[in-house]
Structures are given as structure tokens and as C-alpha cells.
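Student: One structure is given below, represented as C-alpha cells, and several questions about it will come after.
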Amino acid sequence: MKDDIINSFNRIALLEDKWDHNQQYEKLLIREISNQDRTALDIGCGTGEFAQKLSKKVQGVYGIDLSPVMIEEAIKRHNEDNIQYNIQDFDEISEDVKYDYIVSIATFHHLNLERALPKIVRLLKENGKLIVLDLYEREGIVDRILDCIAIPANYFLRVLKNGKSVDDEEKAAWEEHSHLDEYMTFKELSNVYKEYLSKEIKLKRLLFWRYMLVYEKK
Ligand SMILES: C[S@@+](CC[C@H](N)C(=O)[O-])C[C@H]1O[C@@H](n2cnc3c(N)ncnc32)[C@H](O)[C@@H]1O
49 MKDDIINSFN
59 RIALLEDKWD
69 HNQQYEKLLI
79 REISNQDRTA
89 LDIGCGTGEF
99 AQKLSKKVQG
109 VYGIDLSPVM
119 IEEAIKRHNE
129 DNIQYNIQDF
139 DEISEDVKYD
149 YIVSIATFHH
159 LNLERALPKI
169 VRLLKENGKL
179 IVLDLYEREG
189 IVDRILDCIA
199 IPANYFLRVL
209 KNGKSVDDEE
219 KAAWEEHSHL
229 DEYMTFKELS
239 NVYKEYLSKE
249 IKLKRLLFWR
259 YMLVYEKK
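With the first letter of the sequence shown counted as 1, position 28 gets the number 76 in the working numbering; the numbers rise by one all the way through.
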């Protein structure tokens, strides 16, 4: 399974950087970073687009990704002196170094949260913050209403930002990837985050099939 994920993301890594739903929400995540003299870990940094933005807000960024091609592209496209990129499976990351911020975009659904969350708590310094943007499985009336707004808004924004033409390789790479994605519902996520982090988490639905989580370690 991990090999399939690596192979699939090695292919996706070679696609052009384009506007996507994750970018739409980057400002919300950046707003959670308030201390410049701090360090951040980006789990599943991909081609480093967000790591580079983060590097303007903190002292040092450590970007890790399972896919060697993602890391190669991150070094080529979004490198800065205060970013260190590494091919690294989060499941095997050493717990010797602790971070003020741990951020992750569109990656948590590839992790086993029951295992990953206690590890994240250990990796955070006292008063450290976990900031997550990820996808969830729609269910129930609230999600259906969001769908009714998201589907036309998505079409409009995509055409506006990326133009009408569809890149065949992009379509094929994501189609091949889709069978590797499994999402939890908002309710399931809320339960697991409350169990392994705290009842005090901030968890909210966002329009484009995503949620945002903020947890502060006390
Ligand atoms: C959908 S991409 C998102 C990349 C980037 N965060 C972004 O928003 O563009 C998910 C990334 O998570 C990485 N990933 C998946 N499982 C991982 C793991 N166990 N450890 C580290 N990275 C992982 C994949 O290789 C992939 O690059």
C-alpha cells in the first residue's frame, strides 16, 4: 500500500503547480502562526509550496514527504535557506527533535490517526500547535447543502484560476490516485481528534470538501 502511495505521488509530483482547493485555504493556516522565532514541521510537504510560505513566518521549516520525487521537486521549486527537506515517512520520524508548529495539508487521510496523533503530541513542544487541512467524507444534510454551493463554485474558480483546458496527464494521474484515498466523516474525525488530542480542539468544516483542525498543546 505504501509503495502504491509513493508511486502515485511520484507521478503527481511532476505535474505543474496550479491553483487548487488547498491553496484557497493557506491563508487561514498561516494566520495561526504567530511567533516568528519558532520551528515548524510540515508533514507531507509535497512540492514545498506551503513550506516556502511557512518559511517566511518562522525561523526554520522541516518538510518531510514519503515521495522522493516530491522532495526533489520541492528542492527545485520552493527552496529557502531556512527549509530542510527530507524523504521521510512520518511513521518512522525520530522523536528526538520537538517542534513549535506541526502543519499538514491534504496528508492526514494517508496516516493512521490512532498511531499518528499521540506521536504528534509528543513531537510538539509545550504550547506548540498542530494545524491541519485535510479532506473528509461528506454525509448528512449539512454536507449536502455545502455540496450544492461547492460544486458550482469549484467549477467557476477552477476556470478562473487555471483556465478551461484540462491536462490529460493531470487527469490520469489523479484518477489513478483516487482508489488510494479513503476519508473519514466529520463526525468520525471529531471523535478521534477529541479522544487523542483534547476536547478543546478547534475543528471546522470548510466549503471545498475539507476541514481545518487547530490543537494547542497545554
Ligand atoms: C495530496 S499530497 C499534499 C502535498 C502538499 N501538502 C500540498 O498541499 O500540496 C499528500 C502528500 O503526503 C505525502 N505522504 C503520504 N503519506 C505520508 C507519510 N506517511 N509520511 C510522509 N508523507 C506522506 C505524499 O507523498 C504526498 O506528497
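Built from N, CA and C at the ideal position, the CB exists for glycine as well.
1. When burial is assigned at 16 or more other CB atoms within 10 Å of the CB, is H158 buried or exposed?
2. Between the Cα of K177 and the Cα atoms of K212, S246 and K219, which residue gives the shortest distance?
3. Kindly identify the DSSP beta-bridge partner or partners of E264.
4. Excluding five sequence neighbours on each side, which residues of the same chain lie with their C-beta closer than 8 Å to the C-beta of T95?
5. Can you tell which of R59, Q72, E248 and V240 has the C-alpha that lies nearest to the C-alpha of A154?
6. What span of residues does the beta strand (DSSP E) with Q132 cover, start to end?
7. Assess, as a yes-or-no matter, whether the stretch 171-185 is touched by the stretch 199-210 under the definition of 3 or more beta carbon pairs within less than 8 Å.
8. Taking the alpha-carbon positions, what's the R59 to R86 distance?
9. By Cβ distance, which residues of its chain are closer than 7 Å to L76, with the 5 residues on each side in sequence left out?
10. Once DSSP output is grouped into helix, strand and coil, what is the label at A88?
11. Can you tell which of V207, Y241 and Y147 has the C-alpha that lies nearest to the C-alpha of P166?
12. Let's see if you can read the secondary structure: which residues bound the alpha helix (DSSP H) around G188?
13. Quick one: does the C-beta of E217 sit closer than 7 Å to a heavy atom of ligand 1?
14. Who are the Cβ neighbours of F256 in its own chain at under 7 Å, not counting the five residues just before and after it?
15. Would you call the CB atoms of F156 and D139 closer than 8 Å?
16. Count the other C-beta atoms from every protein chain shown that fall within 10 angstroms of the C-beta of L102, then say buried if there are 16 or more, exposed otherwise.
17. Rounded to whole angstroms, what is the Cα-Cα separation between G111 and R163?
18. Less than 8 Å between the C-beta atoms of L228 and S56, yes or no?
Tutor: On the basis of the supplied data:
1. buried
2. S246
3. K177
4. A61, D65, M118, E121, A122, R125 and H126
5. Q72
6. I131 to I135
7. no
8. 33 Å
9. M260
10. strand
11. Y241
12. G188 to N210
13. no
14. H69, Q72, A198 and N202
15. no
16. buried
17. 20 Å
18. yes
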